[in-house]
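The structure under discussion appears below in the form of structure tokens.
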Amino acid sequence: MINPNRENCSTPILYFRLIHINETLTSINVSATQIPAFNFCESIIKGIVYYYINAYPLLENYIFATYVNSSNPVDASIYGLLFDWNSNFISNTYLSAASVNKKGIVQPPGKIYFSKKSGNVGFLYVDIMKNTESVIWNYFTNPLTMSNINSGIIMYKDSLNTLTSGFLNAEGNYCLVIARFSSKKQEPLRVETILIPTQSNRTLSSNLIYSRKLKSFSNIITLNCNIDYKGSGNVCQFYFSGGITHESLEIRNLTNVETKPANYVNNSNDIKIYPLLFGGYLLTARNRNRKLIYGYILNSTEDFQDYWPLPQPFFLNSEGSSYILPDKKIIGAAQINATNWFLNTTELPKIPIANDKGYYNPQLNLTLPVINGTIPIRTSQILVQYKDPVQLSSGNVSVFIHSNSISTDPIYLRQVYSGQSGHCILSENRKTITIKIFTSTFNQPLTDYFVIIDDNFVKINKNGEAVKGIEANVWIFKTEQTVPNIFVESSVALFRLTAAGSILYESLNATEKIEFVNELGNELATILPVTPSRLVPRYQYQRDPTTEEIQVILPLEIISSTNISEMNVMNIIEDLNSFIIHRDMGPLAYMKYTYLIDSNYGLVKPENFWDKYLFIIILFIVGILLFTLLCFIEQRRNPKAETSSVFKFSMGFVSYLLFVIFTLRYSKAVAGLYETSLTIVILSTSLKETVSLFLIIREIISSEKFRGWLKKHFSITMLFMLLSAVDVYSLMILTSKIGSYPSLSAPFAKRTRTWIFWVGLFALIKKEIPQFIIVLIYQQRTLKLDLVPFLTLLITSIVLAFNIVWRLNQLFNFLFQSTPRTRRASNIHKSGNTGNTGYETDREDNNADLGNNGLSVPSSEVIFESDEFDEFDDESSPAEKGEKEKDKNKVGSSSESDEEKSFIEEEIEKIAAAAAAAAAKASWNKPDI
446 MINPNRENCS TPILYFRLIH INETLTSINV SATQIPAFNF CESIIKGIVY
496 YYINAYPLLE NYIFATYVNS SNPVDASIYG LLFDWNSNFI SNTYLSAASV
546 NKKGIVQPPG KIYFSKKSGN VGFLYVDIMK NTESVIWNYF TNPLTMSNIN
596 SGIIMYKDSL NTLTSGFLNA EGNYCLVIAR FSSKKQEPLR VETILIPTQS
646 NRTLSSNLIY SRKLKSFSNI ITLNCNIDYK GSGNVCQFYF SGGITHESLE
696 IRNLTNVETK PANYVNNSND IKIYPLLFGG YLLTARNRNR KLIYGYILNS
746 TEDFQDYWPL PQPFFLNSEG SSYILPDKKI IGAAQINATN WFLNTTELPK
796 IPIANDKGYY NPQLNLTLPV INGTIPIRTS QILVQYKDPV QLSSGNVSVF
846 IHSNSISTDP IYLRQVYSGQ SGHCILSENR KTITIKIFTS TFNQPLTDYF
896 VIIDDNFVKI NKNGEAVKGI EANVWIFKTE QTVPNIFVES SVALFRLTAA
946 GSILYESLNA TEKIEFVNEL GNELATILPV TPSRLVPRYQ YQRDPTTEEI
996 QVILPLEIIS STNISEMNVM NIIEDLNSFI IHRDMGPLAY MKYTYLIDSN
1046 YGLVKPENFW DKYLFIIILF IVGILLFTLL CFIEQRRNPK AETSSVFKFS
1096 MGFVSYLLFV IFTLRYSKAV AGLYETSLTI VILSTSLKET VSLFLIIREI
1146 ISSEKFRGWL KKHFSITMLF MLLSAVDVYS LMILTSKIGS YPSLSAPFAK
1196 RTRTWIFWVG LFALIKKEIP QFIIVLIYQQ RTLKLDLVPF LTLLITSIVL
1246 AFNIVWRLNQ LFNFLFQSTP RTRRASNIHK SGNTGNTGYE TDREDNNADL
1296 GNNGLSVPSS EVIFESDEFD EFDDESSPAE KGEKEKDKNK VGSSSESDEE
1346 KSFIEEEIEK IAAAAAAAAA KASWNKPDI
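The sequence shown begins at 446 in the numbering used here and counts up by one.
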């Protein structure tokens, strides 16, 4: 990365070579004009070579490089430059003030400590102020969302030899270890720890873990602290220099301190220690000019075992290093020139760990299944047994499908949750943990899986120290063969998006919606896994009417397969439902589209509507038929009863109740229906109630007979007046004469009947027909049938059909049993007959109650009720006017007594009236002689 040619080292270009696990290389050249030129050159301070640019792989696909923005000690600061593997610049962030030594020379950037396991945790920047030996630290979030959450400074009075080491402990917090030592001032070695929480709302804690005088050594060469590979707690390792000798010091579990000679290390002030996953340590030591590096393999007790398998020493022309790969290999990388590197790859020896059972963790005693064992498909639990009693903690246990590519890629994740999630059960002796396995986890036969147990999944019950976990690709096992699957027909299932996902989906245009559901279906197929052609999204959707927020329900068709070795439709539905309800504990949470699926809804296969509700629907229809039969029987028993009004009101009442339930509970499923339905309900209810109140008040004011009746039947009148909000024909029940009850024989005027007729017709047009259309739209645009919407559509259809037939019958009777007023009046005028042959006959005809045939129809006299016929009498004499007045009174008395006539009498009068009308018509058409 650094140009070794010091005469031409200021070209602002960063050269990187990515070494992949399969040992292939990727070249990255970044133009870094933000970095001042002096950073690109080597610096020699007190004979030691330093570099001002340091690079860290804080995140996958990104590189974070630290540098100094100025060589002026007054304003020198440390910055962090973030860019991706495609050489794209992301950010340039201030980290801290730069360290300046007592001579005013700006020092290189400090150290960055970060987690190699969790990219969600931030990083810790630590630097030592060389002029005071004070330690400053800053905790930052993930570089993509860069912000300084916490910071601090540890002030020291004396200038001492100070070293730091930081690591993310098993509990997920940063532990910063500071060691201070000076033989000249006879100061003891003081080691203190500062616990820096990764959650900003927690307070810091510090402890002094070691204090002792070490007179025979003059300097601390290196300090390395980390989680103890022996299974629990933490460990710190020191290397001291005493002239030509070296000695190591190990502090384990805060109290167990051990020192031993390290004479195998050449004279070096640049020593680093790397714990090896598979046991032991790798110690590297550089000479003062950093051109030569030596490697030593230490066993689990830190005793020298062998030299590393790379050349000893390994020559570095410039900045270079060694990297330990997960497959137990080590790569020595050396920069030859500005564009070329030299790589030397070899395998490290495996160091046995005492009391280890193959999990690289001595605390683990047994697992079921065992390493390289087998397990039945869809197993519901696995077991982990520890040597000492433990308690569950916050670390995760994860299950993956084994893959030759990046094994922890989210697409291979099956499930993940913490020890305290409630899915882990601790045995009575607190040594064995039963881990629950979801239905969808082990769903593939003859497939390799592995389990990762994070550090701090459990803690030692006695002292509360976090226990080390199991790394990837260690606990591996395979599922057994399964019996052939039973063929199941294709089926459609429903799932729901979250509120955020629903807002996003509805904001898309038609093409984007299709792309959305297609990509979502592909992700689900990848996760299962099945071929994408077996999961076919449908491009219809509805809103869920049961949620307060808008949430969209989408259908997914699962296609059957004749291949008995593939999962059948039922297994796919069960597995998808398991993945969805455990969305936050599985791969769905990490995919682009599937994380928008609502885990509370799951994957629902709609029940067969007719199987579930057929009996209820039959009962509903039978109830309507029985009620119709009762109305017919009553009409035959009492021909004067207006059973049609009772039937219409009863059906309207049921229709109203169902439509209100439909509006409040179901109409939100289709955009716009809820508002429309609610408006119709409110307006029609208000109109009918207002008209009803108006008609009752008018009857009270204008009719003494009604007032007398009302006094006797006030309660039932108020009841049906309130029910008129449902259907205005509730008032007609008061005059229906059902059962010949006086309370249902109200003396309503014909004008009141006319109002009810027209308001009912208006309600038919403005409510019943729109209601029918709304429910029909709902049925067409929703994804499944529900009982209430279906019954609403059924009863609305019945009410609408009855209204149409009933009102056509009214119109038919009106047209064929009534004579227009103008013709009747002219007939009276032209005949010169002051008697009642024409007019009175018409009046009698009008007053005939057509309700006797089962239909309550107002007479033509009432519908056209006015005094317009008086204009034809302007030329009459006073005597004639007196006669007409008598005729009118006569007609009035006839009208009032009309409702008291029997069915036979009314029929006779109707026939006579028709005959008289025919005679009058013949007289009208006879020519004058």
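From the three backbone atoms N, C-alpha and C, an ideal C-beta is built for every residue, glycine too.
Collapsed DSSP secondary structure at residue i in the structure displayed
i	result
TRP582	strand
CYS454	coil
ARG988	strand
ILE464	strand
LEU459	strand
ARG875	coil
TYR1174	coil
CYS620	strand
VAL1377	No statement about residue 1377 is possible, as the shown extent of the chain runs from 446 to 1374 and does not include it.
SER1242	helix
CYS869	strand
ILE880	strand
TYR831	strand
GLN1080	helix
TRP1200	helix
GLU1213	helix
VAL1049	strand
TYR497	coil
Residue of the options minimising C-alpha distance to residue i
i	options	result
ASN1016	SER885, PHE1077, ASN1045	SER885
THR791	PRO797, GLY803, ASN800, GLY777	GLY777
GLN865	SER838, THR590, PRO890, PHE559	SER838
GLU934	ARG875, ALA1086, VAL1014	VAL1014
LEU504	VAL580, PRO588, ILE498, PRO481	PRO588
SER1188	ILE1210, THR1199, PHE1165, ASP801	PHE1165
GLU578	GLU873, GLY567, ILE827, PHE626	PHE626
LYS907	ARG462, ARG875, THR879	ARG875
PHE1217	THR1241, SER1181, LYS1182	THR1241
LEU797	GLN750, LYS1093, PRO814	It is worth fixing the name first, because residue 797 is Pro in this sequence and not Leu. PRO797 has its Cα closest to that of GLN750, out of GLN750, LYS1093, PRO814.
GLN644	TYR655, LEU613, LEU634	LEU613
SER1181	PHE1092, LYS1212, GLU1120, VAL1099	PHE1092
GLU873	TYR570, ILE1078, ILE959, TYR831	TYR831
VAL815	ILE827, GLN808, TYR805, PRO807	ILE827
SER843	VAL835, GLN836, PRO834, PRO855	PRO855
Counterpart residues of residue i in DSSP-defined beta bridges
i	result
PRO720	TYR726
SER656	ARG635
TYR524	TYR512, TYR539
SER843	VAL861, ILE897
ASN606	PHE626
MET574	SER579
PRO982	LEU1001
GLN836	LYS904
VAL545	VAL551
SER476	ILE458
ASN593	PHE585
beta-carbon residue i near the ligand COA non-hydrogen atom, thresh 7 Å
i	result
PRO1187	Only the bare structure without any ligand can be found here, which leaves the ligand COA out of the picture.
* Asked: Would you call the segment 935–950 and the segment 1035–1047 in contact, with 3 or more CB pairs under 8 Å?
  -> yes
* Decide if the segment 1178–1196 is in contact with the segment 1144–1159; the criterion is three or more beta carbon pairs, one per stretch, under 8 Å apart. => yes
* Any contact of the segment 1060–1073 with the segment 1134–1146, i.e. 3+ C-beta pairs under 8 Å? -> no
* **Three-pair Cβ contact test at 8 Å for the segment 1099–1116 versus the segment 1230–1242** => yes
* Three or more C-beta pairs closer than 8 Å, one from the segment 813–831 and one from the segment 912–930: is that the case here? -> yes
* **Segment contact flag, the segment 1153–1164 with the segment 1202–1220, C-beta cutoff 8 Å, min 3 pairs** => no
* Does the segment 501–520 come within contact of the segment 529–545, defined as at least 3 CB pairs closer than 8 Å? -> yes
* To do: Could you tell me whether the segment 1124–1142 touches the segment 1167–1186, where touching means 3 or more Cβ pairs closer than 8 Å?
  => yes
* Decide yes or no for the touch test of the segment 897–917 against the segment 985–1003: beta carbon pairs closer than 8 Å, at least 3 of them. => no
* Taking one C-beta from the segment 948–957 and one from the segment 895–907 each time, how about it: are there three or more such pairs within less than 8 Å? -> no
* Asked: Can you give, in chain order, each stretch of the alpha helix (DSSP H) that sits fully within the segment 1103–1158 and has at least 4 residues?
  -> 1118–1147, 1149–1157
* To do: Decide if the segment 1019–1026 is in contact with the segment 964–977; the criterion is three or more beta carbon pairs, one per stretch, under 8 Å apart.
  => yes
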